[in-house]
Amino acid sequence: MMIAHQRPCRRLDHQRIRRSSLSDLLQLRQLGQQSARGQHESHLQPSMTMTHSQALLRTERLELRPLGPEHIDLTKQLDFDPDVMKYVLFGRPLTPEEAIEVHKWLLDTAAPVPGLGCWVGFDGDQFVGWWVLAPSQSNPGQDEPPQYNKRRAECGWRLLPKFWRKGYAKEGSRELLRHAFQDLGLNEVVGDTMAVNVACRAAMASCGLQHVRTFYNKYDNPPPGIEEGEVEYLITRDDWVRQRKALHY
Numbered sequence: 001m002m003i004a005h006q007r008p009c010r011r012l013d014h015q016r017i018r019r020s021s022l023s024d025l026l027q028l029r030q031l032g033q034q035s036a037r038g039q040h041e042s043h044l045q046p047s048m049t050m051t052h053s054q055a056l057l058r059t060e061r062l063e064l065r066p067l068g069p070e071h072i073d074l075t076k077q078l079d080f081d082p083d084v085m086k087y088v089l090f091g092r093p094l095t096p097e098e099a100i101e102v103h104k105w106l107l108d109t110a111a112p113v114p115g116l117g118c119w120v121g122f123d124g125d126q127f128v129g130w131w132v133l134a135p136s137q138s139n140p141g142q143d144e145p146p147q148y149n150k151r152r153a154e155c156g157w158r159l160l161p162k163f164w165r166k167g168y169a170k171e172g173s174r175e176l177l178r179h180a181f182q183d184l185g186l187n188e189v190v191g192d193t194m195a196v197n198v199a200c201r202a203a204m205a206s207c208g209l210q211h212v213r214t215f216y217n218k219y220d221n222p223p224p225g226i227e228e229g230e231v232e233y234l235i236t237r238d239d240w241v242r243q244r245k246a247l248h249y
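The sequence shown: position 55 = 55 (the working numbering), numbered continuously.
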């Protein structure tokens, strides 16, 4: 989950996102106006809860602002970058239409569970990337309306390459974990990525998430390396409290 590590897109003939997660983000071409809530708006208009329930978050270097429709040109910088997208979805830069759907999905992560959503991160006036706490669907793959586990979230990020290997991914993700457990009272946060995405796995581990499983799925248009499988990482609130005390942060 921690992006740039979204999993490849599932089959495009699905009519509904099967999990409100980074891993099952897009059934882009068939999704039309549907979203993880069931209905997308036809334009980039935020719902009443989209940004109003999200807190402005800060770290030593980052200001994490709730994502809004006005940030679409920033998220496109990530979607159009081949290095960022190497292990994400199709393993290639997105088309403009696909990038719009991604932005809509990121906006919609703020709707089902108060406090969750996507944040765009800035160091001063420089756009660094985005971080997300997405609602975790408890009935994935079913035709009924989505049900959400309100004590669990799925986290992720994408950063512009010029900010890689400088600690920004860890810094922003640690703040989202603090927000998830301390402010929102969640019980656990999970993330997944391709097994070959060594950098993302290291970043998740550095934030205290532990590898819990390796799994294999089939996709229509997978990126190279998917044959090695995918990995899921998890951290519970109790683990986070213990690690925070031990590391004094």
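Even glycine gets a Cβ: it sits at the ideal position worked out from N, Cα and C.
* Give the range of the alpha helix (DSSP H) segment to which histidine 103 is assigned. => As a first step, residue 103 must be located in the sequence shown, where it is residue number 103. Boundaries of the alpha helix (DSSP H) around histidine 103: 96-108.
* Alpha carbon to alpha carbon, how far is leucine 116 from alanine 134? -> Looking up residue 116 in the sequence shown gives position 116. Looking up residue 134 in the sequence shown gives position 134. Taken atom to atom, the span from the alpha-carbon of leucine 116 to that of alanine 134 is near 6 Å.
* Specify the secondary structure class of tyrosine 216 as computed by DSSP and reduced to three states. => Here residue 216 refers to the residue found at position 216 when the sequence shown is read from its first residue. In the structure shown, tyrosine 216 adopts coil according to DSSP, grouped into three states.
* In three-state terms, what does DSSP make of threonine 59? -> Taking the first residue of the sequence shown as 1, we reach residue 59 at position 59. Threonine 59 sits in coil when the DSSP states are folded into three classes, being neither helix nor strand.
* **Contact set for aspartate 81: own chain, Cβ-Cβ below 8 Å, skip 5 residues either direction** => For the purposes of this step, residue 81 is identified with residue 81 of the sequence shown, where counting begins at 1. Cβ within range, chain order: Pro93, Leu160, Pro161.
* Can the beta-carbon of tryptophan 130 be found closer than 9 Å to that of leucine 57? -> Taking the sequence shown and counting its residues from 1, one reaches residue 130 at position 130. Taking the sequence shown and counting its residues from 1, one reaches residue 57 at position 57. Contact flag unset, no.
* **Collapsed DSSP secondary structure at lysine 245 in the structure displayed** => Residue mapping note: residue 245 aligns to position 245 of the sequence shown, counting from 1. Helix, per DSSP.
* Where glycine 208 sits in the DSSP three-state scheme -> Taking the sequence shown and counting its residues from 1, the one referred to as residue 208 is at position 208. The three-state secondary structure of glycine 208, taken from DSSP, is coil.
* Considering only residues of the same chain and omitting the five flanking positions on each side of cysteine 207, which have a CB-CB separation below 7 Å? -> Residue 207 sits at position 207 when you count from the first residue of the sequence shown. Taken in chain order, the residues that qualify are Lys170, Ser173, Arg174, Leu177.
* To do: Could you name the residues that DSSP lists as bridge partners for threonine 193?
  => Taking the sequence shown and counting its residues from 1, one reaches residue 193 at position 193. Answer by DSSP bridge pairing, in chain order: Val231.
* To do: Can you grab the Cα-Cα spacing for the pair proline 224 / serine 138, in whole Å?
  => For the purposes of this step, residue 224 is taken as the residue at position 224 of the sequence shown. For the purposes of this step, residue 138 is taken as the residue at position 138 of the sequence shown. Between proline 224 and serine 138, the C-alpha separation is close to 30 Å.
* Limits of the unbroken beta strand (DSSP E) element including arginine 151 -> Residue mapping note: residue 151 aligns to position 151 of the sequence shown, counting from 1. In the DSSP annotation of this structure, the continuous segment of the beta strand (DSSP E) that includes arginine 151 starts and ends at 148-159.
* Asked: What separation, rounded to the nearest whole angstrom, lies between the Cα atoms of glutamate 70 and phenylalanine 90?
  -> Along the sequence shown, one-based indexing puts residue 70 at 70. Along the sequence shown, one-based indexing puts residue 90 at 90. Approximately 26 Å, taken between the alpha carbons.
* Asked: Does the distance from the CB of leucine 247 to the CB of valine 190 come in under 9 Å?
  -> Counting from one through the sequence shown, the residue named residue 247 turns up at place 247. Counting from one through the sequence shown, the residue named residue 190 turns up at place 190. It is not a contact, given that the beta carbons lie outside the stated cut-off.
* To do: Could you tell me whether the Cβ atoms of alanine 195 and cysteine 155 are closer together than 9 Å?
  => Residue 195 sits at position 195 when you count from the first residue of the sequence shown. Residue 155 sits at position 155 when you count from the first residue of the sequence shown. No, they are not a contact pair.
* With a Cβ-Cβ cutoff of 9 Å, do arginine 213 and glutamate 228 count as a contact? -> As a working note, residue 213 is residue 213 in the sequence shown. As a working note, residue 228 is residue 228 in the sequence shown. No; because the gap between Cβ atoms is not below 9 Å, this pair is not in contact.
* To do: Evaluate lysine 104 with the Cβ neighbour count: other Cβ atoms within 10 Å of its Cβ, from every protein chain shown; 16 or more gives buried, anything less gives exposed.
  => For the purposes of this step, residue 104 is identified with residue 104 of the sequence shown, where counting begins at 1. Lysine 104 is buried by the Cβ-count criterion.
* Whole-number beta carbon distance between aspartate 123 and leucine 62, since they are thought to touch under 8 Å -> The residue given as residue 62 occupies position 62 in the sequence shown. The residue given as residue 123 occupies position 123 in the sequence shown. Rounded to the nearest angstrom, the Cβ distance from leucine 62 to aspartate 123 is 6 Å, consistent with a contact under 8 Å.
* Asked: Under a Cβ-count criterion, where at least 16 other Cβ atoms within 10 Å of its own Cβ denotes burial, should methionine 85 be classed as buried or exposed?
  -> Within the sequence shown, residue 85 is the residue found at index 85, counting from 1. Burial call: buried.
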